[in-house]
Amino acid sequence: MLTPEQRIRQLKAYLVNQRFVQVAYLFGSVAKGSTGPLSDVDVAVLFNSESAQWYEHRLKLMEGLTWIFGIPKVDVVVLNNAEPVISHRVLIEGYPIFIRDETARVRLENKTLNNYLDTAFLRSVQRASIKEQVKEGGYFD
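Residue numbers (this note's numbering): 1172 to 1312.
What follows is the structure, encoded as structure tokens:
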């Protein structure tokens, strides 16, 4: 049985051959080192800009990661079109495991932080509205 470090090395070697992947992050329980029997593997990727086949690429990565980690519970987040909260969570909780293009990584991280901060007010308004609806008993109707 492979150690987590050996699996990460396999993952990096696999990603080198996936030319459409610019940057990949490991996040979630595997990144935290707190896996259990129900844990999945969470990987977030930035595809190159000319990659119009994101869906197919995502499925290919899921298949490869399933083989590498030996479990069927694999989630691949495409950072090119992920929601700001998800992208921010990846950066805060995870770490880059593969970088083909450092400039793309820096751009992604700057864009993610800007989008997250730009939408902070909207999230606070939404939370306040939900709290008010729950308080009034109308949220679950």
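C-beta: ideal position from N, C-alpha, C; glycine also. These numbers were taken from a predicted model, which means no experiment stands behind them.
Rounded separation between residue i and residue j - CA only
i, j, result
"Asn1285", "Arg1278", "11 Å"
"Thr1290", "Pro1255", "8 Å"
"Val1167", "Ala1275", "The chain is shown from 1172 up to 1312; residue 1167 falls before or after that span and cannot be answered."
"Val1192", "Ser1210", "24 Å"
"Ile1301", "Arg1294", "10 Å"
"Lys1203", "Leu1262", "13 Å"
"Tyr1185", "Glu1280", "23 Å"
"Thr1174", "Ala1253", "30 Å"
"Ile1242", "Glu1307", "44 Å"
"Val1214", "Met1233", "9 Å"
"His1228", "Glu1303", "42 Å"
"Arg1298", "Lys1282", "24 Å"
"Gln1189", "Pro1208", "29 Å"
"Ala1249", "Trp1225", "The sequence given here places Val at residue 1249; Ala does not occur at that position. Approximately 8 Å between the Cα atoms of the pair."
"Thr1237", "Lys1244", "7 Å"
"Glu1176", "Leu1182", "10 Å"
"Arg1271", "Val1296", "38 Å"
Coil, strand or helix - residue i by DSSP
i, result
"Leu1186", "helix"
"Ala1202", "helix"
"Arg1257", "Checking the sequence shown, residue 1257 turns out to be Ile, not Arg. Note: Ile1257 maps to helix in three-state DSSP."
"Pro1243", "coil"
"Ala1193", "One detail in the question is off: residue 1193 reads as Gln in this sequence, not Ala. The answer is strand: DSSP assigns Gln1193 an E or B state."
"Asp1317", "Residue 1317 lies beyond the stretch modelled for the chain, which goes from 1172 to 1312, so this question has no answer here."
"Leu1217", "strand"
Rounded Cβ spacing between residue i and residue j (contact assumed at less than 8 Å)
i, j, result
"Val1201", "Val1216", "With a Cβ gap of about 15 Å, Val1201 and Val1216 do not count as contacting."
"Tyr1196", "Tyr1287", "With a Cβ gap of about 15 Å, Tyr1196 and Tyr1287 do not count as contacting."
"Ile1179", "Ile1257", "Going by Cβ atoms, the distance from Ile1179 to Ile1257 rounds to 22 Å, so no, they are not a contact pair."
Proximity test, Cβ basis, 8 Å: residue i and chain D
i, result
"Gly1265", "The structure shown contains no chain D; it is built from a single protein chain."
Residue i burial status per 10 Å Cβ neighbour count (16 or more: buried)
i, result
"Phe1240", "buried"
"Arg1260", "buried"
"Gly1235", "buried"
"Gly1309", "exposed"
"Val1305", "exposed"
"Phe1218", "buried"
"Val1247", "buried"
"Phe1292", "exposed"
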